[in-house]
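Below: one structure, written as structure tokens.
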Amino acid sequence: MVIAVERAKRKLQHIEYALATGQRRLHGFEDITFVHNSLPNTSTAHIDLQTNIGELSLRSPIFINAMTGGGGDETAKINEQFAYIAKQCGMAMAVGSQMAALKDERERQSFTIIRKVNTHGVVFANLGSEATVDEAKRAVDMIEANALQIHLNVVQELVMPEGDRNFCGALSRIEQIVSAIDVPVIVKEVGFGMSKETARKLESVGVCAVDVGGFGGTNFAQIENQRRENQLSYFNEWGITTTASIAEVASEVQRISIIGSGGVQHALDVAKCIALGASAVGMAGYMLRFLIEQGMEALMAEIHRLHEDLTLIMTALGTETIADLQKVPLVITGKTHHWLRERGVDTTRYSQRS
């Protein structure tokens, strides 16, 4: 009982500190510039935002990424609102970690409300890499999920006062889950970026997609440091930026989809993620703040604007589909260029394509 109460309290603290710390937008998007197309030869009427993550078909490349659940009535209300927004806007939605609900039956309703509200929508279940096959199956069944996100949050756990300290066997457990469940598995970083070496390992065990969760968005090291008496401040700057992570992962994997996330706030950020190699883009912190501060109607209007702006950007670039957008020429400069060069990624493969 005490453990369950403390876990719920921690979930609410995460929301509080995420809103308080905000997003510093150190993601690298300023290093990415599209090559202007003076003859796009298309119309806004021809733009199709449909995309795929593996075999999953999504009406929009933008989705509501994992945030909340397991914090009692307050997080249940947030998830209910996000589920309604996802339904109205034709977007997929990922839930926060369901481990709380697997440990405490009373927390199930903060997750099951999503499927009650959004009966036919695309929903991603979520667990950490410590999960067993049985827990994965229960999490998927709980919300009739279309896919399972397994999140990797080593640095967050290390900074978390009560966090895990043993990360042995994570890849093996992921492989077992991939083999045992009937829905695709997406592996997601929580804000520290994903390297090409990690992506290669995950591809080798059959995951459907990787979500790079790049540095530059919600900073869980900073959030957990707010909960510590003795802060581990050196982890506040730890990670691979969103742009560098997408590009280096895209240079390595062939058979799996890439999801871009980490500080995404505008349609131009979305377009840059896709052009770097992502098939879909997750937004979490920005949407949470918008919902809390301005309400559901305002957030739905903002999502409509995001889709409109993305349509205009794609028209300007002459790209009628998400697959087309993944092929447009762009120039990488600054810290992102330096990082990729040092990591052995040839950036001219972006600048010279047509």
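Count the sequence shown with full-length UniProt numbering and you get residues 1 to 354, in order. Glycine included, each C-beta is placed from N, C-alpha and C at the ideal position. Please read these numbers as outputs of a predicted model, since none were measured by experiment.
By the Cβ criterion, the segment 162-173 is not in contact with the segment 230-250, since fewer than three pairs of Cβ atoms, one from each stretch, lie closer than 8 Å. Check the Cα spacing between G334 and each of A92, M300, T241: the tightest is with T241. Separation of R305 and R115 (C-alpha to C-alpha, rounded to the nearest whole angstrom) is 26 Å. The three-state reading of DSSP puts G282 in strand, counting E and B together. Between S129 and A100, the C-beta spacing is not below 9 Å. Boundaries of the alpha helix (DSSP H) harbouring V270: 267-276, taken from the DSSP string. Per DSSP, A298 is not a residue of any beta strand (DSSP E); the alpha helix (DSSP H) it occupies stretches across 296-317. Of the candidates E144, F111, K196, F111 places its Cα closest to the Cα of I78. Cα atoms of H27 and S195: separation of roughly 15 Å, rounded to the nearest angstrom. In the DSSP annotation of this structure, the continuous segment of the alpha helix (DSSP H) that includes E248 starts and ends at 242-250.
Taking a contact to require three or more Cβ pairs closer than 8 Å, the segment 202-209 and the segment 176-184 qualify as touching.
The three-state secondary structure of F192, taken from DSSP, is coil. G239 is classed as buried because its beta carbon has at least 16 other beta carbons within 10 Å across all chains shown. Across the structure, G285 and I53 are spaced so that their CA atoms are roughly 22 Å apart.
A direct Cα-to-Cα measurement between D309 and H120 gives close to 27 Å. CA-CA distance, V264 to H307, rounds to 14 Å. Per DSSP, the unbroken alpha helix (DSSP H) holding N79 starts and ends at 73-89. Per the coordinates, the alpha-carbon of S43 lies some 10 Å from the alpha-carbon of T319. The C-alpha of Q222 lies about 24 Å from the C-alpha of D31. Cα atoms of Q156 and S57: separation of roughly 31 Å, rounded to the nearest angstrom. Using a Cβ-Cβ distance cut-off of 8 Å, the segment 270-283 and the segment 57-67 are in contact, since at least three pairs of beta carbons, one from each stretch, lie closer than that value.
Within the DSSP bridge table, the entry for S57 names N52 as partners. Taking E224 as the centre and dropping the five residues before and after it, the same chain places the C-beta of Q156, V159, M160 closer than 7 Å to its C-beta, in chain order.
Inside the segment 127-184, DSSP marks whole alpha helix (DSSP H) runs of 4 or more residues at positions 133-143, 154-159, 170-180, from first to last along the chain. The Cβ neighbour count for A301, taken over all protein chains shown within 10 Å, is under 16; the residue is labelled exposed.
Contact between E248 and V345 holds: CB atoms are separated by about 5 Å, below the 8 Å threshold. V122 is not a Cβ neighbour of I143, given a cutoff of 9 Å. For V187, the beta-bridge partners assigned by DSSP are I150, V210. Boundaries of the alpha helix (DSSP H) harbouring L325: 322-325, taken from the DSSP string.
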